[in-house]
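S.K.: Position 115 of the sequence shown, counting from 1, maps to 114 under numbering that gives the first Met the number 0, and the rest follow consecutively. Just so it is clear, CB atoms sit at the ideal spot from N, CA and C, and this is done for glycine as well.
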Amino acid sequence: MNNKILIIEDDKAIVRLMEIALKTNGYESVVANSGIEGISLFLNSSPNLVLLDMGLPDIDGSDVLEQIRAMSNTPVIIVSARDREQEKVNALDNGANDYITKPFNVGELLARIRVAFRLVKPVVKEDYFSLDYLNVDFIRRRVTIDGEEVHLTPIEYKLLKLLIDNKGKVLTHSFINKEIWGYDTEDDYQSLRVFMATLRRKIEKNTSNPRFILTEVGIGYRMNDE
Ligand code: CA
């Protein structure tokens, strides 16, 4: 289900209001009461949309927005008590999808959420991927390096396809585990590292300076898209 919403908000009453509204409308919600917790939950729970307060107790909402945008295109709706025009312009310039001012009407909030979800571009799953000397034909499940076919195990192929389907985006260890094995092994990412290492040995010419699969230290991996 792609209906998980991360609420980053320190006002408990507003959180409660949002949670009830979301639940009764079929959304799942996860809550962070600070900016730092919000970023960490964003990484660990892979939400499909974020409701972000600007005035948080630790870091500013705009910093949270910036960090989220550095990692993904997940829609972010700012829900803020600050009603200054310049704040709105800045937030939208910095990649927020929408801006709603407190106190808000629940019906309006839900309408904005529906719009944001509609505007999300579905992941384009291409039949073919080509970058430098790597070519992947997804229809024939054929991977070549400089035209030479390389044989990947089913897990290695699944990993490569997941990375390519999300090229340019940072995928967390937790997200990859869930996509590949159907569950997350919590803090143990050793088996993922092993599979990634064997995959890299097969497709990278220089594994210590990878061209395709980049490591985001402490976070996960990203497929180069250029
Ligand atoms: Ca606040």
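1) If you run the structure through DSSP and keep just helix, strand and coil, what is Ala-69?
2) Grab the span of the beta strand (DSSP E) containing Ile-4 for me, first residue to last.
3) Run through the DSSP bridge pairs and tell me what Val-114 is partnered with.
4) Can you name, in chain order, every residue of its own chain whose Cβ lies under 8 Å from the Cβ of Ile-154, other than the five neighbours on each side?
5) Considering only heavy atoms of ligand 1, list every residue whose Cβ is less than 7 Å from one of them, following chain order.
6) Check whether the segment 12-20 and the segment 36-44 touch, using three or more Cβ-Cβ pairs below 8 Å as the test.
7) I'd like the list of long-range same chain contacts for Asn-24, defined as Cβ closer than 7 Å, with 5 residues on each side in sequence excluded.
8) Where does Asn-134 sit, in a helix, a strand or coil, going by DSSP?
9) Taking Gly-94 and Val-75 to be in contact with their CB atoms under 8 Å, please state how far apart those CB atoms are, rounded to whole angstroms.
10) Would you kindly work out how many angstroms separate the C-alpha atoms of Ile-19 and Arg-200, rounded to a whole number?
11) Report the residue from Glu-147, Phe-174, Val-135 whose alpha carbon sits nearest the alpha carbon of Tyr-156.
12) Suppose the cutoff is 7 Å on Cβ atoms and the five residues either side in sequence are ignored; what does the same chain contact list for Glu-65 look like?
13) So for Phe-174, helix, strand or coil by DSSP?
14) Only counting the same chain, and skipping five residues up and downstream in sequence, which positions put a Cβ closer than 6 Å to that of Lys-87?
15) Take the Cβ of Thr-171 as the centre, count every other Cβ of all protein chains shown within 10 Å, and call the residue buried at 16 or more, exposed below.
M.R.: From the atom records:
1) helix
2) 3-7
3) Looking at the DSSP assignment, Val-114 forms no beta bridge with any residue, so it has no partner.
4) These residues qualify, in order along the chain: Ile-179, Phe-194.
5) Glu-8, Asp-9, Asp-10, Asp-52, Gly-54, Leu-55, Ala-80
6) no
7) Leu-109
8) Looking at Asn-134 - three-state DSSP - the assignment turns out to be strand.
9) 7 Å
10) 49 Å
11) Val-135
12) Result list for Glu-65: Asn-93, in chain order.
13) helix
14) Tyr-98
15) buried
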